Amino acid sequence: EDPEPIEPAKNYQFDVCAHNAVGSSPTSSPAAFLTPGGRSAAQISMPEMTLRTRDMWMECWDAEKESVFYFNRISGIKRTEPPEEFQTDAGTKNKMGLTI
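Okay, structure coming up:
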């Protein structure tokens, strides 16, 4: 069955449960997001240089400003402050081999 198209300015909620030969996982906590108003998800411009991804967030490199920024793949929000998903990774290495 074809999924319904994602509509602009609409709230969506989902949870996830994995099934395999061993059994089923517990159901995740519900996640929710609001799509940007006035444009569809297909119209969100994705960054070119992605260093790492966590959940809905991407850590990206802005070559022009020579700095890291964070991009939400669902909402299209771009910010310089790391989201919670990236705040627990101190001391790990990103795709460029830099310690963060």
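All the letters of the sequence shown, read from the start, carry residue numbers -5 to 94 under our numbering. Quick reminder that beta carbons are idealized off the backbone N, C-alpha and C, glycines included. On a predicted model such as this, the values are computed, not experimentally measured, just so you know.
Query, Result
"Let me check understanding here. Comparing Cα to Cα, which of Met52, Ala26, Pro24 and Glu1 lies closest to Arg67?", "Met52"
"Going by beta carbon distance, what residues of the same chain come within less than 6 Å of Leu28, once the five residues before and after it are set aside?", "Asn5"
"Against chain C, does Met50 count as a neighbour if the rule is that its beta carbon must be under 9 Å from one of theirs?", "No chain C appears in this structure, which consists of one protein chain only."
"Rank Glu78, Pro(-1), Gln7 and Pro(-3) by C-alpha distance to the C-alpha of Arg48 and give the top, closest one.", "Glu78"
"Taking the alpha-carbon positions, what's the Pro41 to Phe65 distance?", "8 Å"
"For Glu79, which three-state DSSP category applies?", "helix"
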